[in-house]
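A quick write-up on the structure given underneath.
Residue numbers (this note's numbering): -6 to 135.
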């Protein structure tokens, strides 16, 4: 019995070390890139529904590099909004997501967040269909 109790922490630590390599590389990766005086962030997610169906989702955000929001707030807004939209796409409790370094072939859904000094536009592209929703900042924070 004593050996079993000892082996559990060893097993957990071993699993963390194996997973630590991918976690370490993820933590070292920059979320925000700068190009043409804009902050940009892009993420890819594989969404698997409980019925076995799946879709790849690309989320992207951009904002002016100065005058609209700090880099920290840009990351926070991008992360929160991406998570919220993807979580809403889950059809059941059996659904799961997996972060991808890059897409596997073509993505099924593209979600763009455009931040400006006046507000945000959320654009979704699914095949040829494009939908846009524009909100002023006071609609979000008030």
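Even glycine gets a Cβ: it sits at the ideal position worked out from N, Cα and C.
These numbers were taken from a predicted model, which means no experiment stands behind them.
Look at the alpha carbon of residue i and the alpha carbon of residue j, and state the distance between them as a whole number of angstroms.
i, j, result
"residue 131", "residue 23", "30 Å"
"residue 110", "residue 37", "26 Å"
"residue 58", "residue 21", "22 Å"
"residue 121", "residue 102", "10 Å"
"residue 32", "residue 64", "8 Å"
"residue 26", "residue 60", "17 Å"
"residue 72", "residue 48", "19 Å"
"residue 50", "residue 80", "12 Å"
"residue 28", "residue 62", "16 Å"
"residue 136", "residue 125", "The displayed coordinates of the chain run from -6 to 135. Any statement about residue 136 would go beyond what the structure contains."
"residue 91", "residue 135", "33 Å"
"residue 16", "residue 127", "35 Å"
"residue 45", "residue 98", "18 Å"
Would you call residue i buried or exposed, if buried means 16 or more other Cβ atoms sit within 10 Å of its Cβ?
i, result
"residue 84", "exposed"
"residue 123", "exposed"
"residue 52", "buried"
"residue 89", "exposed"
"residue 77", "exposed"
"residue 104", "buried"
Just to confirm my understanding: we take residue i, look at its own chain, exclude 5 residues before and 5 after, and list those with CB closer than 6 Å. What are they?
i, result
"residue 119", "102"
"residue 100", "49, 51"
Hey, out of the options, whose CA is closest to residue i's CA?
i, options, result
"residue 141", "40, 52, 93", "Nothing about residue 141 can be read from this structure; the chain reaches only from -6 to 135."
"residue 34", "46, 74, 55, 48", "55"
"residue 86", "39, 43, 62, 133", "43"
"residue 67", "107, 117, 41, 133", "107"
"residue 114", "133, 46, 28, 99", "133"
"residue 75", "28, 117, 98", "117"
Once you ignore the five residues that flank residue i on each side, which residues in its own chain have a CB closer than 7 Å to its CB?
i, result
"residue 129", "111, 112"
"residue 82", "40"
So, for residue i: in the same chain, excluding its five sequence neighbours on each side, which residues have a beta-carbon less than 8 Å away from its beta-carbon?
i, result
"residue 138", "Here the chain covers residues -6 to 135 and nothing more, so residue 138 does not appear."
Could one say the Cβ of residue i lies closer than 7 Å to chain C's Cβ atoms, at least one of them?
i, result
"residue 39", "In the structure shown, chain C cannot be found, because there is only a single protein chain."
Self-check item: Complete alpha helix (DSSP H) runs within the region 46 to 103 (minimum length 4 residues, chain order)
Solution: Correct list: 64 to 82.
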